[in-house]
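Notes follow the structure.
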């Protein structure tokens, strides 16, 4: 995967990217088959979305098999999530506290989640201590 890019994706583009991330690489038909059947867009719509993603440099054409073009994501799902979370935190002035408070109030953050986060923070602090970084 290439370096993280700042590509803005629409909801449908993100759904197409999710399908491609699951597949690793795939044709328009394979991507379409991975989208939720209840609201699956037409083949030509998926084809247009993939073409737009290619223009945004979010996917690239890797090969052609017969008439099928095979595409793969340029950046990882984790990179896209990091960018989205960074944008969301910017809305809150860079502070995670309002977001965390909302997650707790909405019941989306459990004590187990907090314990896991505490362990991650402790590990991060230990790594910083060992490397001498503050």
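Numbering (this note's numbering), first residue to last: 166 to 299.
Just so it is clear, CB atoms sit at the ideal spot from N, CA and C, and this is done for glycine as well.
| query | result |
| --- | --- |
| In angstroms, rounded to a whole number, what distance separates the CA positions of residue 192 and residue 232? | 10 angstroms |
| Please determine if the stretch 248-258 and the stretch 207-217 are in contact, where contact requires at least 3 C-beta pairs separated by less than 8 angstroms. | no |
| Give me the Cα-Cα distance between residue 239 and residue 280, rounded to the nearest whole angstrom. | 34 angstroms |
| Please go through the stretch 232-260 and give each complete beta strand (DSSP E) segment of 3 or more residues, from N-terminal end onward. | 233-238 |
| Could you name each continuous alpha helix (DSSP H) segment of 4 residues or more that falls completely within the stretch 167-212, going from the start of the chain to the end? | 176-188 and 193-199 |
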